[in-house]
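A.B. asks:
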Amino acid sequence: MEDDELTRLLTNDRYPRSGRYSARWMVDNAMGPNPVWLAEALTEVMPLEPGMRVLDMGCGKALTSIFLAREFGVRVWATDLWIDPTQNWSRIEEADLRGQVHPVHAEAHALPFEEGFFDVLVSIDAYHYFGTDDLYLGYYARFVKPGGPIGMVVPGLAEEPPSYPPPHLASYWPWEFCSFHSPDWWRRHWEKTGQVTVDLADRLSGGWEDWLRWNDVCDRDFGEPREEAEMLRADAGQLLGFTRMVARRS
Ligand SMILES: C[S@@+](CC[C@H](N)C(=O)[O-])C[C@H]1O[C@@H](n2cnc3c(N)ncnc32)[C@H](O)[C@@H]1O
Numbered sequence: 245m246e247d248d249e250l251t252r253l254l255t256n257d258r259y260p261r262s263g264r265y266s267a268r269w270m271v272d273n274a275m276g277p278n279p280v281w282l283a284e285a286l287t288e289v290m291p292l293e294p295g296m297r298v299l300d301m302g303c304g305k306a307l308t309s310i311f312l313a314r315e316f317g318v319r320v321w322a323t324d325l326w327i328d329p330t331q332n333w334s335r336i337e338e339a340d341l342r343g344q345v346h347p348v349h350a351e352a353h354a355l356p357f358e359e360g361f362f363d364v365l366v367s368i369d370a371y372h373y374f375g376t377d378d379l380y381l382g383y384y385a386r387f388v389k390p391g392g393p394i395g396m397v398v399p400g401l402a403e404e405p406p407s408y409p410p411p412h413l414a415s416y417w418p419w420e421f422c423s424f425h426s427p428d429w430w431r432r433h434w435e436k437t438g439q440v441t442v443d444l445a446d447r448l449s450g451g452w453e454d455w456l457r458w459n460d461v462c463d464r465d466f467g468e469p470r471e472e473a474e475m476l477r478a479d480a481g482q483l484l485g486f487t488r489m490v491a492r493r494s
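So for the sequence shown, the working numbering puts the first residue at 245; every next one is plus one.
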């Protein structure tokens, strides 16, 4: 697809800051639903100030780290397991953010940072891979200063289904979607630790439509339809969407 067409199809009034970034750059580095839109959605409810130290946990190809550094003047430690930090360094250099975004290769349970080092922890489309066990938040939260915010956006459900797979999605359901949860589930999962105060647990407005639009456009660009878009269409927002959380370390 021509880049102009891609830009037209991905211009999203809900996310004006994201519109300043190349649609081609977002699509070519995609690892899931558009992380730049999701990061912008998080910053609507989690203010960032210039100079803050931010952990971007599970940053993938560092698009969100670059977005946060550019938009808010924060310093970001772009931390990920699967993506080679050398590749992320190339993207950071291309974005002219040397010295402001630092690529780090680390496993979420063995983070190479000092306790209380960060002003803010963020995670986009990643926390459900490593953070659904009861004890993880207590480990993770120690890396932000006391009272500091912890925010994330993950693919999620409107509510916990009574059975798996949810009957209307049975023919599509990848088993790994068992790690998708509702805002109420995540609130309880975090609150019961006593390690944080949850300020917000909600579902992104228009989330499933944006996810479907993103998948349709990526599939057109890729040249073949994939099943996830069909599943989102079949669900029509009944269950699938995005869960957004903001808490503070106690
Ligand atoms: C779906 S990708 C999303 C990446 C990026 N946040 C984005 O939205 O484009 C999930 C990311 O979580 C990271 N991840 C999964 N398990 C991890 C773990 N145990 N430790 C650190 N990162 C992990 C992977 O490396 C991967 O880049």
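Glycine residues also receive a C-beta, built at the ideal position from the N, C-alpha and C atoms. Since we're looking at a predicted model, the values are computed, not measured.
May I ask you to report which of helix, strand or coil DSSP gives Ala480?
C.D. replies: Reading the sequence shown from its first residue, position 236 is the one you call residue 480. Of the three classes helix, strand and coil, the one that applies to Ala480 here is coil, per DSSP.
A.B. asks: Hey, how far is the Cα of Trp269 from the Cα of Gln331?
C.D. replies: Mapped onto the sequence shown, residue 269 falls at position 25. Mapped onto the sequence shown, residue 331 falls at position 87. If you take the alpha carbons of Trp269 and Gln331, they lie about 14 Å apart.
A.B. asks: Quick one: Cα of Gly395 to Cα of Trp452, how far?
C.D. replies: Taking the first residue of the sequence shown as position 1, residue 395 is located at position 151. Taking the first residue of the sequence shown as position 1, residue 452 is located at position 208. Roughly 20 Å separates the two Cα atoms.
A.B. asks: When the Cα atoms are used, what is the spatial distance from Val345 to Thr323?
C.D. replies: One-based indexing of the sequence shown puts residue 345 at position 101. One-based indexing of the sequence shown puts residue 323 at position 79. Each residue's Cα considered, the two are about 10 Å apart.
A.B. asks: Can you give me the C-alpha to C-alpha distance between Ser449 and Gly302, rounded to a whole angstrom?
C.D. replies: Position 205 of the sequence shown, counted from the start, is the residue given in the question as residue 449. Position 58 of the sequence shown, counted from the start, is the residue given in the question as residue 302. If I take the Cα positions, the gap works out to 23 Å.
A.B. asks: What is the DSSP secondary structure of Ala491, counted as helix, strand or coil?
C.D. replies: Within the sequence shown, residue 491 is the residue found at index 247, counting from 1. In the structure shown, Ala491 sits in a strand (DSSP, three-state: E or B).
A.B. asks: Quick check on Phe421: does DSSP put it in helix, strand or coil?
C.D. replies: Taking the sequence shown and counting its residues from 1, one reaches residue 421 at position 177. In the structure shown, Phe421 sits in a helix (DSSP, three-state: H, G or I).
A.B. asks: Pick from Arg447, Lys305, Tyr383, Glu351: whose alpha carbon is nearest that of Ala339?
C.D. replies: If you number the sequence shown from 1, residue 339 lands on position 95. Ranking the options by Cα distance to Ala339, first place goes to Lys305.
A.B. asks: Ligand 1 heavy atoms versus the CB of Pro347: any closer than 7 Å?
C.D. replies: As a position in the sequence shown, residue 347 is number 103, starting the count at 1. Incorrect: Pro347 has no Cβ contact closer than 7 Å to ligand 1.
A.B. asks: Just grab the DSSP bridge partners of Thr323 for me.
C.D. replies: Working through the sequence shown from its first residue, we reach residue 323 at position 79. The partner list for Thr323 (beta bridge, DSSP) reads Met301, Val348.
A.B. asks: Taking all protein chains shown into account, do 16 or more other C-beta atoms lie within 10 angstroms of the C-beta of His353, making it buried, or fewer, making it exposed?
C.D. replies: Along the sequence shown, read from residue 1 onward, the residue named residue 353 stands at position 109. His353 is exposed by the Cβ-count criterion.
A.B. asks: Between which two residues does the alpha helix (DSSP H) harbouring Val289 extend?
C.D. replies: Taking the sequence shown and counting its residues from 1, one reaches residue 289 at position 45. Counting along the chain, Val289 falls outside any alpha helix (DSSP H), and DSSP gives it neither H nor E.
A.B. asks: Comparing alpha-carbon positions, which option in Leu413, Leu379, Leu484, Arg488 lies nearest Glu284?
C.D. replies: Position 40 of the sequence shown, counted from the start, is the residue given in the question as residue 284. Out of Leu413, Leu379, Leu484, Arg488, Arg488 has the C-alpha closest to the C-alpha of Glu284.
A.B. asks: Using a 10 Å radius around the Cβ and a threshold of 16 neighbouring Cβ atoms, would you call Tyr259 buried or exposed?
C.D. replies: Indexing the sequence shown from 1 puts residue 259 at position 15. Counting Cβ neighbours within 10 Å, Tyr259 comes out buried, since at least 16 surround it.
A.B. asks: Cutting at 8 Å between CB atoms, please list the residues of its own chain near Gln439, excluding the five before and the five after it.
C.D. replies: As a working note, residue 439 is residue 195 in the sequence shown. So the qualifying residues of the chain are Leu381, Gly382, Ala385, Arg493, Ser494.
A.B. asks: Do Pro399 and Asp369 have their CB atoms nearer than 8 Å?
C.D. replies: For the purposes of this step, residue 399 is identified with residue 155 of the sequence shown, where counting begins at 1. For the purposes of this step, residue 369 is identified with residue 125 of the sequence shown, where counting begins at 1. Yes.
A.B. asks: State yes or no: is the C-beta of Ala370 nearer than 7 Å to some heavy atom of ligand 1?
C.D. replies: By one-based count along the sequence shown, residue 370 stands at place 126. Flag set: Cβ of Ala370 near ligand 1.
A.B. asks: Out of Arg261, Leu365, Met290, Asp247, which one is the CA nearest neighbour of Val271?
C.D. replies: Working through the sequence shown from its first residue, we reach residue 271 at position 27. Comparing Cα positions, the closest option is Asp247.
A.B. asks: Roughly how many whole angstroms lie between the Cα atoms of Cys422 and Pro294?
C.D. replies: Locating residue 422 in the sequence shown gives position 178, where the first residue counts as 1. Locating residue 294 in the sequence shown gives position 50, where the first residue counts as 1. Distance between the alpha carbons of Cys422 and Pro294 is about 37 Å.
A.B. asks: Do Trp458 and Pro277 come within 8 Å of each other at the CB atom, strictly closer than that value?
C.D. replies: Taking the first residue of the sequence shown as 1, we reach residue 277 at position 33. Taking the first residue of the sequence shown as 1, we reach residue 458 at position 214. Yes, these two residues count as a Cβ contact at 8 Å.
A.B. asks: Pull up the distance between the alpha-carbon of Trp430 and that of Arg342, whole angstroms please.
C.D. replies: Mapped onto the sequence shown, residue 430 falls at position 186. Mapped onto the sequence shown, residue 342 falls at position 98. Using only the alpha carbons, I get a separation of about 35 Å.
A.B. asks: What alpha helix (DSSP H) runs, 4 residues minimum, are completely inside the stretch 395-459?
C.D. replies: Segments of the alpha helix (DSSP H) lying fully in the stretch 395-459: 427-435.
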